[in-house]
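According to UniProt numbering, the sequence shown is numbered sequentially starting from 1.
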Amino acid sequence: MYCSFGAECLVDEKTQQGYCRCQDSCSDIFAPVCGTDGITYSSECQLRMASCSKQIKIYVQHHGQCGKSP
1 MYCSFGAECL VDEKTQQGYC RCQDSCSDIF APVCGTDGIT YSSECQLRMA SCSKQIKIYV
61 QHHGQCGKSP
């Protein structure tokens, strides 16, 4: 089984079936990044969580806030 958008591949203990799960938490470290979707995320982890939950490819365009020079 392949999980896209950074999801984690897990196995259900009862059914032994594989499933994908997005990460649901990040540390509180503030290190803003600008995503290719034009949104500023508080960290790369937050960007990856958004990419997974929205099921769209979002990459780090640059470190720092969007609309500002890197």
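C-beta atoms are modelled at their ideal positions from N, C-alpha and C, and glycine is treated no differently.
Just so you know, these numbers come straight off a predicted model, no measurement behind them.
So, at 6 Å on beta carbons, what are the nonlocal neighbours of residue i in its own chain, with the 5 sequence-adjacent residues on each side left out?
i, result
"residue 53", "22"
"residue 11", "18"
For residue i versus residue j, is the C-beta distance shorter than 7 Å?
i, j, result
"residue 66", "residue 40", "yes"
"residue 26", "residue 7", "no"
Could you give the distance in angstroms between the alpha-carbon of residue i and the alpha-carbon of residue j?
i, j, result
"residue 1", "residue 13", "16 Å"
"residue 64", "residue 28", "16 Å"
"residue 17", "residue 62", "38 Å"
"residue 55", "residue 4", "8 Å"
CB-CB under 7 Å to residue i, same chain, minus the five flanking residues each way: which ones, in chain order?
i, result
"residue 58", "35, 36, 37, 47, 50, 51"
Can you give me the Cβ contacts of residue i inside the same chain, cut-off strictly under 8 Å, excluding the 5 residues immediately before and after it?
i, result
"residue 44", "31, 33, 60"
"residue 24", "49"
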